[in-house]
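Below is one structure, written out as structure tokens; the observations come after it.
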Amino acid sequence: MNALISVSDKTGIVEFAQALHALGIKLLSTGGTAKLLADQGLPVTEVAEVTGFPEMLDGRVKTLHPKVHGGLLARRDVPEHMTALKAHAIDTIDLLVVNLYPFEATVAKAGCTLEDAIENIDIGGPAMVRSAAKNWKDVAVLTDASQYAQVLAELKDGGLTLKTKFALSVAAFNRISQYDGAISNYLSSITFEEGASTPARSLFPGQSNTNFIKLQDLRYGENPHQSAAFYRDLYPAPGSLVSAVQLQGKELSYNNIADADAAWECVKSFDTPACVIVKHANPCGVAVGADSLEAYSKAFQTDPTSAFGGIIALNCPLDERAALQMSKQFIEVLMAPSFTPEALAVFKSKVNVRILQIALPPGGASDWDNGRNAMDIKRVGSGLLMQTADNHLLTLADLKVVTKLQPTPEQLQDLLFAWNIAKFVKSNAIVFCKGGMTMGVGAGQMSRLDSARIASIKAEHAGLSLKGTAVASDAFFPFRDGLDVVVDAGATCVIQPGGSMRDQEVIDAANERGVAMVYSGVRHFRH
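According to numbering that gives the first Met the number 0, the sequence shown is numbered sequentially starting from 0.
Take a look at the structure:
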């Protein structure tokens, strides 16, 4: 049995090769890999000795030869193939271990030149991988160090099963697809300028090649007659929903996952203990507090009716006191970075509550922003809409006061809080806030006036007074009537993007009503 090993990432390769040698498998290799194995005392044959040709063109040509590809592609069950190998003195290659030049890592580096990128496009590696993967019944192909342990275990147990060989083949073709997609994305994003050392790149390549890995099939989609599955990015960001570990509860549904993501992305935007309760993709209660109990209690007050059967996300540890309070309500999904043993014990009897633990990124909560999606993608008929994600962060320095009345420091904090929530509420969005909690949320209405009225009605039903609240509108007020509605409800300060043809009319109305108004300069439509 012959194994050809040619790897860029040499993680675990010496130990793997030693184990193959111990099993009596002959080792073939190329370049730096061959030198590494020989330096470890392993008997290894250079591919150049097999082909009769030295590596050429600075290593661009070394395995592109019939004695390599014939050994990989020949079907052992076809006599004519085996006769041809014998006639040309070609040995079979039964095991191929290849990982490719680090193209993705190279182009991710700041200052990567086009020449750097081109030289890290592997040619011989993908060709060998495709040959071996095509002939999967006879050749096992390994493209990642994570596969070494299982393959060794089966080899020691008598040989690789066809099931394992097929799985390795699928993984190999997937890797080639990912690799080619990365090359296509990079090259088609470049605007070529002769003489430029670092090429200019577009955010949107001429061809978009996306790769997602299936995590699980789902029972159904948004509705029972729809089929669905859950996928993750090829390289998921730490601290994102796809990294969640489910500690208990029923299998997540399509809607659970969609709502959980909305809640998790919102709660990640706070750097103090916070709680977000989501229902049908909209926050129905958001608050910050000293700990998980205070944050949850305040968030729940906003809209207890909508919170029934909601999705709860915390950006801080959940302790027993908060768990006891939450357990009084019907919860679909509960998420937090960590849970105390006592908190988990509270929910042990509520077996249907889905509890997800999402570990903090390596840099802690302050690193969450690095885990946000860079792009948003929406499917349309036979096409895609692609845009940079709405990751804009507003600071006090960005605010422009446009009224005679200046907001107080407390009001400015409430305005920023309300603005942050409005970013996660479906348009048209109107959000009343005060003291680090939502007081009324109006979402997803065709009219901004209706959103304002709904927010007021919800506050009334929850027994909350809107007197002295701050209001955020995700887009400008086209007329003064929207401002009048929120002021009539009790708001004393307003944040909005500005930009309407009737801005002055709305500013005059704010001055007339004696409220402070600030412009953010950006809007947050969320469809």
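Here a beta-carbon is modelled for each residue, glycine too, at the ideal position from N, C-alpha and C. The structure displayed is predicted, hence computed values, not measured ones.
Note on E264: 16 or more other CB atoms within 10 angstroms of its CB, so buried under the neighbour-count rule.
A Cβ-Cβ contact shorter than 9 Å links N98 with S7. Every beta strand (DSSP E) of 3 residues or more that sits fully in the stretch 183-239 is shown, in chain order, as 211-217, 227-232. The beta carbon of S130 is closer than 7 Å to those of H68, L71, L72 in its chain, skipping five residues each way along the sequence. Going by C-alpha positions, A139 is about 6 Å away from D93. Straight across, the Cα-Cα distance linking F329 with H279 is about 15 Å. Around Q410, the same chain offers A469, T491, C492, A515 as residues with beta carbons nearer than 8 Å, after the five sequence neighbours per side are excluded. Counting only runs of at least 3 residues, the stretch 19-102 fully encloses the following beta strand (DSSP E) elements, listed from N- to C-terminal order: 25-28, 43-45, 94-98. Judged by their CB atoms, A181 and E103 are nearer to each other than the 9 Å cut-off.
Within the same chain, G441, V484 come within 8 Å of R452 by CB-CB distance, once the 5 residues on both sides are set aside. For K399, the secondary structure class from DSSP, reduced to helix, strand or coil, is strand. Taken in chain order, the whole alpha helix (DSSP H) runs of length 4 or more contained in the stretch 96-155 are 102-107, 113-118, 123-133, 147-155. Residue environment for S239: buried (at least 16 other C-beta atoms within 10 angstroms of its C-beta). With respect to L465, T301 sits apart: the two C-beta atoms are not nearer than 9 Å. Annotation for G220: S226, A227, Y253 place their beta carbon closer than 7 Å to its own, counting only its chain and skipping 5 residues before and after. Per DSSP, the continuous alpha helix (DSSP H) segment holding M325 begins and ends at 319-325. In the three-state reduction of the DSSP assignment, S5 falls in the strand class, which pools E and B.
Taking the Cα positions, Q247 is about 17 Å away from R218.
One alpha carbon belongs to V150, the other to V96, and they sit about 11 Å apart. Contact check for T190 against P198 passes: the beta carbons are separated by less than 9 Å. As the crow flies, the alpha-carbon of C111 is around 7 Å from that of T105. The three-state reading of DSSP puts G481 in helix, counting H, G and I together. Between L154 and L19, the CB-CB gap stays under 9 Å. Put simply, of G58, R59, V424, L63 the residue whose alpha carbon is nearest the alpha carbon of T50 is L63. For A509 and L482, the gap between their C-alpha atoms comes out near 7 Å. Note that the C-beta distance between R501 and F476 is below 9 Å. Beyond the five residues adjoining it in sequence on each side, D318 comes within less than 8 Å, by CB distance, of D290, S291, L292, T339, E341, A342 in the same chain, given in chain order. A distance below 7 Å between beta-carbons, with the five flanking residues on each side excluded, links D90 to the following residues of its chain, in chain order: N1, G70.
In chain order, A139, E153 place their CB closer than 6 Å to the CB of L159, counting only its own chain and leaving out the 5 sequence neighbours on each side. In the structure shown, the three-state DSSP call for N281 is strand. P237 is positioned such that its CB atom lies closer than 9 Å to that of L359. Counted as a single uninterrupted DSSP element, the alpha helix (DSSP H) harbouring E504 occupies residues 502-512. Around the beta carbon of I456, fewer than 16 other beta carbons sit within 10 angstroms, so the residue counts as exposed. Taking a C-beta distance under 9 Å as the contact criterion, M385 and L355 do not qualify as a contact pair.
Within the same chain, S188, M385 come within 8 Å of F203 by CB-CB distance, once the 5 residues on both sides are set aside.
Burial is judged here by how many other beta carbons sit within 10 angstroms of a residue's own beta carbon; A33 has at least 16 and is buried.
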